[in-house]
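With my numbering, letter number 465 in the sequence shown gets 484, and the count goes up by one each step, no holes.
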Amino acid sequence: MLNQKSDLPPPELSRKSRRKGRMARIAVHAGSGRGNMPQALRRIPAYALLDEESLTALEEQADWILSRIGVEFRGDDTALALFREAGATVQGARVRFDPGHVRALCATAPATYRLHGRDPARSVMLGGDHVVLMPGYGSPFVTDLDRGRRYASLEDFRNFVKLTYLSPWLNHSGGTVCEPLELPVNLRHLDMVYAHLRYSTQPFMGSVTAPERARDSLDMARIVFGGFMDSHAVIQANINVNSPLVYDGTMSGALRAYAAAGQSVAISPAIFGGAMGPVSQPAVIAQTLAEGMVGIALTQLVRPGCPVVLGSFHSTMNLKSGALTFGSPEANLSTMALSQLGRRLGVPVRSGGGQITAANAADGQAMQESSTAMLSAILSGANQIWHAAGWLEGGLTMGYEKFVMDLDHCGMVLRLIEGLVVDDESLAREAYLECGPGENFLSARHTLRHFEQANYISALPEAGPYETWLEQGSRTAEQRANARWKAMLAAYEAPAIDPGVDEALRDFIDRKKASTPERWHE
20 MLNQKSDLPP
30 PELSRKSRRK
40 GRMARIAVHA
50 GSGRGNMPQA
60 LRRIPAYALL
70 DEESLTALEE
80 QADWILSRIG
90 VEFRGDDTAL
100 ALFREAGATV
110 QGARVRFDPG
120 HVRALCATAP
130 ATYRLHGRDP
140 ARSVMLGGDH
150 VVLMPGYGSP
160 FVTDLDRGRR
170 YASLEDFRNF
180 VKLTYLSPWL
190 NHSGGTVCEP
200 LELPVNLRHL
210 DMVYAHLRYS
220 TQPFMGSVTA
230 PERARDSLDM
240 ARIVFGGFMD
250 SHAVIQANIN
260 VNSPLVYDGT
270 MSGALRAYAA
280 AGQSVAISPA
290 IFGGAMGPVS
300 QPAVIAQTLA
310 EGMVGIALTQ
320 LVRPGCPVVL
330 GSFHSTMNLK
340 SGALTFGSPE
350 ANLSTMALSQ
360 LGRRLGVPVR
370 SGGGQITAAN
380 AADGQAMQES
390 STAMLSAILS
400 GANQIWHAAG
410 WLEGGLTMGY
420 EKFVMDLDHC
430 GMVLRLIEGL
440 VVDDESLARE
450 AYLECGPGEN
460 FLSARHTLRH
470 FEQANYISAL
480 PEAGPYETWL
490 EQGSRTAEQR
500 ANARWKAMLA
510 AYEAPAIDPG
520 VDEALRDFID
530 RKKASTPERW
540 HE
């Protein structure tokens with residue numbers, strides 16, 4: 020239904036247009052405000068890690084898991100009935116499928132679709148060669164150099180929504196960017212959804228922590244988008260699997276609510292090898308595919324054509340201590356393999372990582388782990404990369420300085436996937452004729468035409484020579500990032516919203532809060 024081929028951009032832009040697009044992005048990124056940036060489009064081939072024999076073996080292993088072991092849907096008789104009617108074997112809460120059955124049920128999911136923002140210019144495509152970056156998700160703590168580590172608040176949540184909106188590199192406002200813990204657990208979703216709708220115009224995620232909160236999120240989106248929602252995806256859900264091989268009624272109920280409304284559903288198994296799955300990465304990959312396909316199949320049984328994303332989140336463990344590790348080579352290989360498998364399934368793929376790290380501060384460990392995880396995701400062909408900015412401490416903390424440092428790297432990797440344009444202008448023969456052997460090219464006409472856009476421009480100014488850096492206070496990258504996020508928030512201006520729509524959103528929130536007793540624990 021939502022596989023809108025008319026929404027797709029032309030299959031190939033001219034080289035001149037590509038150069039202009041890159042110039043515009045670099046120019047805006049170097050400035051202080053957010054520009055109307057086009058969505059990133061991959062122009063280099065996605066890295067193919069595995070050969071056909073290995074991919075087939077992984078798909079057969081996923082089928083074996085689904086036929087021999089099965090998946091449980093606990094506390095959701097509706098989901099069980101849908102699978103039974105579709106021909107699956109249902110025994111109690113356990114559902115098993117003949118080989119190939121689940122993949123066939125997934126066939127109606129669109130390969131590409133548009134996820135619409137409140138501002139149409141901020142809408143994004145999911146699938147194909149399109150790339151969507153979004154901030155971290157789910158952290159109960161935040162940290163910065165001034166106040167240190169602390170419980171996240173609604174102010175912090177709003178700040179990260181604003182910083183995301185200001186960045187030219189993040190295309191998606193995210194979901195639970197951090198948990199505003201001063202608000203009741205059963206009502207905080209109202210303020211979070213409002214923040215996404217009011218302080219940003221980008222696509223966003225609604226609540227999934229209970230089916231009724233999913234419905235609240237959908238109702239709030241409908242206040243803004245009206246009947247447009249009936250045939251267009253405007254909100255996204257993150258459905259986590261209780262790995263190994265269990266969907267609880269909360270997640271499957273939220274899944275069905277979003278699917279019934281025709282909205283985007285991301286199915287995200289989270290498997291840590293040695294805990295929620297075997298220690299070997301091929302087993303984790305196949306289990307992720309099995310769990311993800313079952314969730315996608317359920318969306319299609321609820322509403323054929325429902326837009327989906329095959330997601331994953333996986334890490335390795337220190338098997339001596341039990342601590343999670345991020346950015347490890349084994350987990351990064353799984354990210355690459357799952358991107359391949361998702362493309363074969365024919366649906367958009369969410370990466371298994373982003374700029375993730377186990378580090379407690381935005382230090383060398385943090386940036387090393389984050390960079391390797393991010394590169395694995397971006398080079399493997401993932402369409403939606405979560406946790407692209409801010410993630411620290413295994414996801415427990417969103418860091419303000421880490422967020423800004425990650426943004427800088429986001430710009431770098433998006434420049435990387437644009438690839439190279441080799442033409443008469445980039446080969447620069449006139450510069451050689453002008454300068455000749457032994458001369459520098461600094462004042463050549465070609466250099467003067469291109470010096471502003473030839474290279475990626477960092478948003479974190481370089482300190483220059485050592486003496487200059489010393490004179491300016493010997494500030495580290497983290498300290499420069501501290502000044503940067505403060506400057507960004509100071510420059511933020513809220514996007515316009517229709518006063519009547521804003522009033523209706525506030526009224527909805529007030530009525531919900533007035534009629535719902537507060538709960539501080541689930």
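No residue lacks a Cβ here, since even glycine has one placed at the ideal position from N, Cα and C.
The stretch 253–305 is shown to contain whole beta strand (DSSP E) runs of 3 or more residues at 255–260, 265–267 and 283–291, in chain order. Contact between residue 150 and residue 61 holds: their C-beta atoms lie close to 6 Å from each other, under 8 Å. Residue 239 carries a helical assignment under DSSP once its states are collapsed to helix, strand and coil. Counting the other Cβ atoms within 10 Å of the Cβ of residue 170 gives fewer than 16, which makes it exposed. Inclusion of residue 373 and residue 342 in the CB contact set at 8 Å is not warranted, their separation being larger than that value. Cβ contact annotation for residue 293 (same chain, cutoff 7 Å, sequence separation greater than five): 336 and 338, in chain order.
Taking C-beta atoms as the reference points, residue 154 and residue 408 count as a pair closer than 8 Å. Ranked by how close their Cα comes to the Cα of residue 380, the residues 227, 473 and 414 have 414 in first place. Comparing alpha carbon positions, the residue from 233, 457 and 239 closest to residue 523 is 239. Every candidate beta strand (DSSP E) stretch fails here, since none sits fully inside the stretch 55–88 while reaching 3 residues. In summary, residue 252 is buried, with 16 or more beta-carbon neighbours lying within 10 Å of its beta-carbon over all protein chains present. DSSP places residue 110 in the uninterrupted beta strand (DSSP E) bounded by 108–110. Residue 426 sits in a helix when the DSSP states are folded into three classes. In the three-state DSSP reduction, residue 366 falls in the coil class, being neither helix nor strand. Within the model, the alpha-carbon separation for residue 334 versus residue 346 is close to 8 Å.
For residue 417, the enclosing beta strand (DSSP E) stretches over residues 416–418. Nearest Cα to residue 352 within the set 329, 400 and 121: 400. By the Cβ-count criterion, residue 459 is exposed, with fewer than 16 other Cβ atoms from all chains shown falling within 10 Å of its own Cβ. Beta-bridge partners assigned by DSSP to residue 91: 113 and 265. Around residue 86, the same chain offers 115, 116, 117 and 118 as residues with beta carbons nearer than 7 Å, after the five sequence neighbours per side are excluded. Cβ contact annotation for residue 244 (same chain, cutoff 6 Å, sequence separation greater than five): 253, in chain order. Of the candidates 495, 517, 274 and 90, the residue whose Cα lies closest to the Cα of residue 226 is 274. A Cβ-Cβ separation of about 7 Å places residue 198 in contact with residue 157 under the 8 Å criterion.
The beta carbon of residue 108 is closer than 6 Å to those of 115 in its chain, skipping five residues each way along the sequence. Along the stretch 441–508, the alpha helix (DSSP H) occurs as fully enclosed runs of 4 or more residues at 443–446, 448–454, 464–469 and 485–490, listed in sequence order. Here residue 405 is near residue 369, since their CB atoms are less than 8 Å apart. In terms of Cα proximity to residue 535, the closest of 366, 224 and 231 is 231. Taking a contact as a CB-CB distance under 8 Å, the pair residue 128 and residue 327 counts as one, their CB atoms being some 5 Å apart. Between residue 331 and residue 311, the beta carbon gap of about 7 Å places them in contact (Cβ cut-off 8 Å). Counting only runs of 4 or more residues that sit fully inside the stretch 156–229, the alpha helix (DSSP H) segments are 173–185 and 207–218, in chain order. Residue pairing by DSSP places residue 120 in no beta bridge whatsoever. By the criterion of a C-beta distance shorter than 6 Å, residue 316 is surrounded in its chain by 121, 124 and 125, once the five residues flanking it on both sides are discounted. Below 8 Å, enough C-beta pairs join the stretch 93–109 and the stretch 264–272 to call them touching: three or more. Annotation: residue 165 to residue 378 spans about 19 Å, alpha carbon to alpha carbon. By the beta-carbon neighbour count (other beta carbons within 10 angstroms, threshold 16), residue 138 is exposed. For the pair of segments examined, the stretch 172–184 was found to touch the stretch 508–515: the number of CB pairs separated by less than 8 Å reaches three.
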